[in-house]
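**Student:** Here the protein sequences line up with chains A and B, keeping their order.
If you're matching positions, the first sequence starts at 0 in numbering that gives the first Met the number 0 and goes up one per residue.
If you're matching positions, the second sequence starts at 0 in numbering that gives the first Met the number 0 and goes up one per residue.
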Amino acid sequence: MRRVTARVKRMKRTLLTTGLLLGGLALAACGSAGPGVQARQAGDTTPTTTPETTTTTAAPATTAAPATTVAPATAPAQPPCTDEALGAAYAPQHGNTAALRAQSCEGGWATSSEGHGYGPPTFTLYRAEGDHWVVVNHSAAKLCEGQGVPPDVAPRIGCDT
Amino acid sequence: MRKFILLAAGVLLSVGTLAACVGGPPPPPPTDPHDVLTVGDSVSFSLGCALGDPGEIAGIPPGSCPSTPDYSTHNDWVGACTMTPGTLSLYNGGTAGAPNCNSVPAGSRNLTWQDEANFFVPRVVVINTAGWEIQDRFFSFSQPPDGQWGANNQFFNNIAAQYTNQLFNAINAFRSSPRDPVVLIANAPYIDPPQPLPAPGSVPAGVECSWWEPNDGGPPVSQGPDCTGDSTPGSGGQWRSPTGNTSYRSSHGKLDQLNAMINQVKSQYFGGDPKVQVFNFKKHFNGTNNDYNDYVCPPPNDFTVTPDPLTHNCAITNPSPGVVPAILARAPDKGHLSPAGTTDILKPYLDQCVRSKLGLGGGVPASCT
Numbered sequence: 000m001r002r003v004t005a006r007v008k009r010m011k012r013t014l015l016t017t018g019l020l021l022g023g024l025a026l027a028a029c030g031s032a033g034p035g036v037q038a039r040q041a042g043d044t045t046p047t048t049t050p051e052t053t054t055t056t057a058a059p060a061t062t063a064a065p066a067t068t069v070a071p072a073t074a075p076a077q078p079p080c081t082d083e084a085l086g087a088a089y090a091p092q093h094g095n096t097a098a099l100r101a102q103s104c105e106g107g108w109a110t111s112s113e114g115h116g117y118g119p120p121t122f123t124l125y126r127a128e129g130d131h132w133v134v135v136n137h138s139a140a141k142l143c144e145g146q147g148v149p150p151d152v153a154p155r156i157g158c159d160t
Numbered sequence: 000m001r002k003f004i005l006l007a008a009g010v011l012l013s014v015g016t017l018a019a020c021v022g023g024p025p026p027p028p029p030t031d032p033h034d035v036l037t038v039g040d041s042v043s044f045s046l047g048c049a050l051g052d053p054g055e056i057a058g059i060p061p062g063s064c065p066s067t068p069d070y071s072t073h074n075d076w077v078g079a080c081t082m083t084p085g086t087l088s089l090y091n092g093g094t095a096g097a098p099n100c101n102s103v104p105a106g107s108r109n110l111t112w113q114d115e116a117n118f119f120v121p122r123v124v125v126i127n128t129a130g131w132e133i134q135d136r137f138f139s140f141s142q143p144p145d146g147q148w149g150a151n152n153q154f155f156n157n158i159a160a161q162y163t164n165q166l167f168n169a170i171n172a173f174r175s176s177p178r179d180p181v182v183l184i185a186n187a188p189y190i191d192p193p194q195p196l197p198a199p200g201s202v203p204a205g206v207e208c209s210w211w212e213p214n215d216g217g218p219p220v221s222q223g224p225d226c227t228g229d230s231t232p233g234s235g236g237q238w239r240s241p242t243g244n245t246s247y248r249s250s251h252g253k254l255d256q257l258n259a260m261i262n263q264v265k266s267q268y269f270g271g272d273p274k275v276q277v278f279n280f281k282k283h284f285n286g287t288n289n290d291y292n293d294y295v296c297p298p299p300n301d302f303t304v305t306p307d308p309l310t311h312n313c314a315i316t317n318p319s320p321g322v323v324p325a326i327l328a329r330a331p332d333k334g335h336l337s338p339a340g341t342t343d344i345l346k347p348y349l350d351q352c353v354r355s356k357l358g359l360g361g362g363v364p365a366s367c368t
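Put into structure tokens, the structure is as follows:
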């Protein structure tokens, strides 16, 4: 009888320890659940991208709000859409700007074309940062795809989509 | 028995040695097979690029012209390339031998078009020359230049005859190349250069400001900033006759004639050959008004819908009703295509056309026409 009681006590201790461990693990899992994509387990049918979607949807809403309300009054003007303004961004990376011509600027994005004698021109994509332009890409044809140019702006500045 | 084996071995050795001395047939010339070969001038760069190869253009990252795993392309554009022989009457008043990249070895490989056809053994060839074809020429050194597009006299007959003869020869050369290729002759969209080109400093002295083919109905004023109407550095100054004895003729009229000659060569000499076809390049850039346009509605509405001149929006019904932004299709020089013009307007049609010729999935024969 005493042996049975002792065994029951041992079992209780084991169960308690296991429960504490499991609870700890569960807590740890809760605490560590962040925006990152979780490792997908075999047989898991839950889409792994759900947490990321939630996070990325929330983020722009937070940052977009002030822009929507404040933009008309405080947003800095787009840098000038001139050969000189675009050339100032182009020159440090690509050199000679003698044959650089502004193509189009809209919505904080711009393109220029660079002549090469009898050859076809090359093109450069810029993004406005404050009062100046920054070179984003340089190419002969595939210039803008994947560079973040908004789809309603890209065609208007001669950008491939 | 041993003697017999020795004798047989001796005979075999002798025969082998003799065969090696006499030699077999000469080895075949080296080839680098590509499915598609594009040839022409700097505007033709866009045709080869749309099909996946930038050709020899310096200073751009690989991947500027994304290729498809379905077919391979060699882009053999050569700046200022023309088929028509003779001596160019340059806009700056000088003269220069016509850069006949079809018959004179050109490019870093130093090949003629015939050489290219034999080396790349294409299954489809795309030809496109225009901008420098329509420049006045001297065939004899009489004054004025005796080759003139846009005229309606013997000078036009001279240059049209020379051009059609060269185009006929080029098509024949490609058609007789080893893999019996389809030959697509791309016609030419309108151009509207606002100033003479090329810019001083970008080419050797003497050939700067040497080409100007405006679209305007009458002689325009140069908008600069590289070349004036007098071919000096700067802006301003009206178009004037380079030789002093020619009249202004718009590139609009010249290209109409050139494109008509392309159709004539096809119908007159290759009418019964389904492997010679005109690729309707101009249809996708000339818009509904059949004129030069900076902005074009995106496919499939490029030749059916006119962009609003102020908003550059297109009110479309195909594939569904709505308003979409028009595409800025041309470079600031108003001759070459913009990245969007190459990738989002030209490429869908040319790719579908070429696929149909190669028998690949996604081919649409109607996209050629």
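Positions of the beta carbon are idealized from the N, C-alpha and C atoms, including for glycine.
At a Cβ cut of 8 Å, what residues of the region 116–138 of chain A count as close to chain B, listed as they run along the chain?
**Tutor:** Going along the region 116–138 of chain A in chain order, one finds G116, Y117, G118, P119, P120, T121, F122, H137, S138 with a Cβ nearer than 8 Å to chain B.
**Student:** Going along chain B in order, which residues have a C-beta closer than 8 Å to the C-beta of P149 (chain A)?
**Tutor:** Ordered by position in chain B, no residue passes the 8 Å Cβ test against P149 (chain A), which lies about 10 Å from the chain.
**Student:** Could you tell me the alpha carbon to alpha carbon distance between L380 (chain B) and N127 (chain B), rounded to whole angstroms?
**Tutor:** Nothing can be reported for residue 380 (chain B), as the shown portion of chain B is limited to 0 through 368.
**Student:** With contact counted as at least three CB pairs below 8 Å, one residue from each stretch, are the region 58–66 of chain B and the region 83–90 of chain B in contact?
**Tutor:** No, because fewer than three Cβ pairs between the region 58–66 of chain B and the region 83–90 of chain B fall closer than 8 Å, the two stretches do not touch.
**Student:** Which bits of chain B does Q77 (chain A) rub up against, with CB to CB less than 7 Å?
**Tutor:** Simply none; closest approach about 17 Å.
**Student:** Skipping 5 residues on each side, what residues in its chain have a beta carbon closer than 6 Å to that of Y268 (chain B)?
**Tutor:** Taken in chain order, the residues that qualify are F167.
**Student:** When DSSP builds the beta bridges, which residues end up paired with I126 (chain B)?
**Tutor:** Bridge partners of I126 (chain B): B:V38, B:I184.
**Student:** May I have the straight-line CA-CA distance separating D135 (chain B) from A198 (chain B), to the nearest angstrom?
**Tutor:** The alpha-carbon atoms of D135 (chain B) and A198 (chain B) are separated by roughly 20 Å.
**Student:** With a threshold of 7 Å on Cβ separation, who are the neighbours of V220 (chain B) within its own chain once the five nearest residues in sequence on each side are excluded?
**Tutor:** Same-chain partners within the cutoff: G228, G235, G236, Q237.
**Student:** Tell me, which residues are paired with H131 (chain A) by DSSP?
**Tutor:** Note: H131 (chain A) sits in a beta bridge opposite A:E128.
**Student:** Mapping DSSP to helix, strand and coil, what is G23 (chain A)?
**Tutor:** Since pLDDT at G23 (chain A) reaches only 39, below the 50 mark, its modelled position is unreliable, and no value is offered.
**Student:** For G130 (chain B) and E212 (chain B), what's the separation of their Cα atoms in angstroms?
**Tutor:** Using only the alpha carbons, I get a separation of about 8 Å.
**Student:** Would you list the residues sitting across from P324 (chain B) in a DSSP beta bridge?
**Tutor:** Per DSSP, B:N312.
**Student:** Quick one: which residues of the region 65–93 of chain B get their C-beta closer than 8 Å to a C-beta of chain A? List them in chain order.
**Tutor:** Within the region 65–93 of chain B, the qualifying residues are P65, W76, G78, A79.
**Student:** With DSSP run on the structure shown, which of helix, strand or coil describes G271 (chain B)?
**Tutor:** The answer is coil: DSSP assigns G271 (chain B) none of H, G, I, E or B.
**Student:** Between the C-alpha atoms of T245 (chain B) and P364 (chain B), what's the straight-line distance to the nearest angstrom?
**Tutor:** Roughly 43 Å between the two C-alpha positions.
**Student:** Taking the straight line between their C-alpha atoms, what separation do you get for D301 (chain B) and K274 (chain B)?
**Tutor:** Going by the C-alpha atoms only, they are around 27 Å apart.
**Student:** Could you tell me how far apart the beta carbons of A49 (chain B) and L349 (chain B) are, in whole angstroms, since I believe they sit closer than 8 Å?
**Tutor:** At roughly 5 Å, the Cβ-Cβ gap stays under 8 Å, so A49 (chain B) and L349 (chain B) are in contact.
**Student:** Distance cutoff 8 Å, beta carbons only. Does A140 (chain A) sit that close to anything in chain B?
**Tutor:** True, the Cβ-Cβ gap to chain B drops below 8 Å.
**Student:** Count the C-beta pairs between the region 38–45 of chain B and the region 72–79 of chain B that are closer than 8 Å, then say yes if the count reaches three, no if not.
**Tutor:** Yes, since at least three Cβ pairs between the region 38–45 of chain B and the region 72–79 of chain B fall closer than 8 Å, the two stretches touch.
**Student:** According to the Cβ coordinates, are S250 (chain B) and Y162 (chain B) closer than 8 Å?
**Tutor:** Not closer than 8 Å, so no.
**Student:** Taking the alpha helix (DSSP H) that T163 (chain B) falls in, what are its first and last residues?
**Tutor:** First-last of the alpha helix (DSSP H) with T163 (chain B): 153–174.
**Student:** Determine, using beta carbons only, whether P190 (chain A) and H131 (chain A) come nearer to each other than 8 Å.
**Tutor:** No answer is possible for residue 190 (chain A): it lies beyond the span of chain A, which begins at 0 and ends at 160.
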